[in-house]
Ligand code: KG4
Ligand code: ZN
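In this note's numbering, the protein residues as written are 256 to 605.
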């Protein structure tokens, strides 16, 4: 069974080929260099860049895998959630290819793909001993989502905790901006944090009505207020100018203290989720923030039975899209009519 996966939900154009659960090729073209100078993704520019990249990326994935359209069995594409213009390029391409080559088409939820990145093993291929066991809890931590999802078996998802406001990745990105660290904020904060003191500043852990829910906007404001205090300026001082008043040492200390608080909150909620679901066999991290080395270190040192995707699959890629599709097919889920495929900028995985 050969699956061609396509991903274009944000600022990565990607295609991968999976044969019977084994990865044959994986091509990712990132737009990070374009958006570095803007400090964030501009949806219109992202969509145009996807349009330029998508066909060469698909051609390369097919030639790297040494396959051709005669032997490709299925097409899988991300249809939600994501930037509307970006999703449009991937889904229109996938629909056209499905109709042209007469292949069944699977529309795959982006968060499901992130979770299934854990079924791609360390080398980029699958390995049975490394697969997570059910029932499992997945912590999905990306630029747009922060959720704890319970899975009792493949393709069954129950959201037991979610963010009430900002996603944790968004919080990394926004705090990086305040500190004058380059886009994308997550890796920049992580690099600065390595040189900083995580105990220098103390930030609150927000309380939520459902103790498994998250709230990160308060943490973002708490960091902003502390930066303003350190700089000796008022609340109305432009936040984009604060970076000019901070020393490199202060920037590193803020990065380290914020990162520690964010990780502590994530692991605290996970421990509680595990306690409330004592039959949990695996804890599966998913999404861009799962690349964070300090998080990996802290989670691995904890008593939790954790799984992390290979760092090359923690950000957006199409190998995970094809893998999620593989398990949809194995579970008997039917393909989507390519003429009727819908897409949505926001949607929950349920
Ligand atoms: O999953 P992803 O690539 O795209 C979405 O689906 O949103 O996640 C992107 C997010 C960004 O907020 C980025 O700053 C964050 O993941 N990120 C990190 C790290 N690498 C990427 N956050 C913390 N530490 C990292 N090393
Ligand atoms: Zn993602």
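Glycine included, every Cβ here is placed at the ideal spot set by N, Cα and C. Model, not experiment: these values are computed from the prediction.
Exercise for the section: Return yes when at least one heavy atom of ligand 1 lies under 8 angstroms from the C-beta of residue 547, else no. Expected result: As a first step, residue 547 is located in the chain shown; it is residue number 292 there, counting from the start. True, at least one ligand heavy atom lies under 8 angstroms from that Cβ.
Handout entry: At least three beta-carbon pairs within less than 8 angstroms, the segment 562-577 to the segment 278-289
Key = The segment 562-577, when compared against the segment 278-289, does touch it at the 8 angstroms Cβ threshold.
Handout entry: Validate contact between the segment 383-401 and the segment 578-592 using beta carbons, cut 8 angstroms, 3 pairs
Key = Touching, no, given that fewer than three Cβ pairs across the two stretches are closer than 8 angstroms.
Problem - Distance, residue 287 Cα to residue 631 Cα - result: Outside the shown range of the chain, which is 256 to 605, sits residue 631, and nothing can be said about it.
Problem - Straight-line gap, residue 506 to residue 492 (C-alpha atoms, nearest Å) - result: Within the chain shown, numbered from 1, the residue matching residue 506 stands at position 251. Within the chain shown, numbered from 1, the residue matching residue 492 stands at position 237. Near 18 angstroms, if we compare the C-alpha coordinates of residue 492 and residue 506.
Exercise for the section: Determine the burial state of residue 336: buried for a count of at least 16 other Cβ atoms within 10 Å of its Cβ, exposed for fewer. Expected result: Here the question's residue 336 lines up with position 81 in the chain shown. With 16 or more other Cβ atoms inside 10 Å of its own Cβ, residue 336 counts as buried.
Practice task
With residue 404 as the anchor, note down where its beta strand (DSSP E) starts and where it stops.
Solution key: The count along the chain shown starts at 1 and reaches residue 404 at position 149. Residue 404 -> beta strand (DSSP E) spans 401-406.
Handout entry: For residue 594, three-class secondary structure by DSSP
Key = For the purposes of this step, residue 594 is taken as residue 339 along the chain shown, with counting starting at 1. Note: residue 594 maps to coil in three-state DSSP.
Problem - heavy atom of ligand 4 below 8 angstroms from residue 369 C-beta - result: This structure does not include ligand 4; its bound ligands are ligand 1 and ligand 2.
Problem - Secondary structure of residue 296, DSSP reduced to three states - result: Position 41 of the chain shown, counting from 1, holds the residue named residue 296. Coil at residue 296, not helix or strand.
Problem - Neighbourhood of residue 429 by C-beta distance below 6 angstroms, restricted to the same chain and skipping five residues each side - result: Within the chain shown, numbered from 1, the residue matching residue 429 stands at position 174. Hits under 6 angstroms: 475.
Handout entry: Local Cβ density within 10 Å of residue 377, reported as buried at 16 or more and exposed below that
Key = By 1-based counting over the chain shown, the position of residue 377 is 122. Note that residue 377 has pLDDT 47, beneath the 50 cutoff, so the model's placement of it is unreliable and the number below is only indicative. Exposed, by the Cβ-count rule.
Problem - Residues that DSSP places opposite residue 285 in a beta bridge - result: Taking the chain shown and counting its residues from 1, one reaches residue 285 at position 30. BP columns for residue 285 point to 267.
Handout entry: Per DSSP, cross-strand counterpart(s) of residue 423
Key = As a working note, residue 423 is residue 168 in the chain shown. Beta-bridge partners of residue 423 (DSSP): none assigned.
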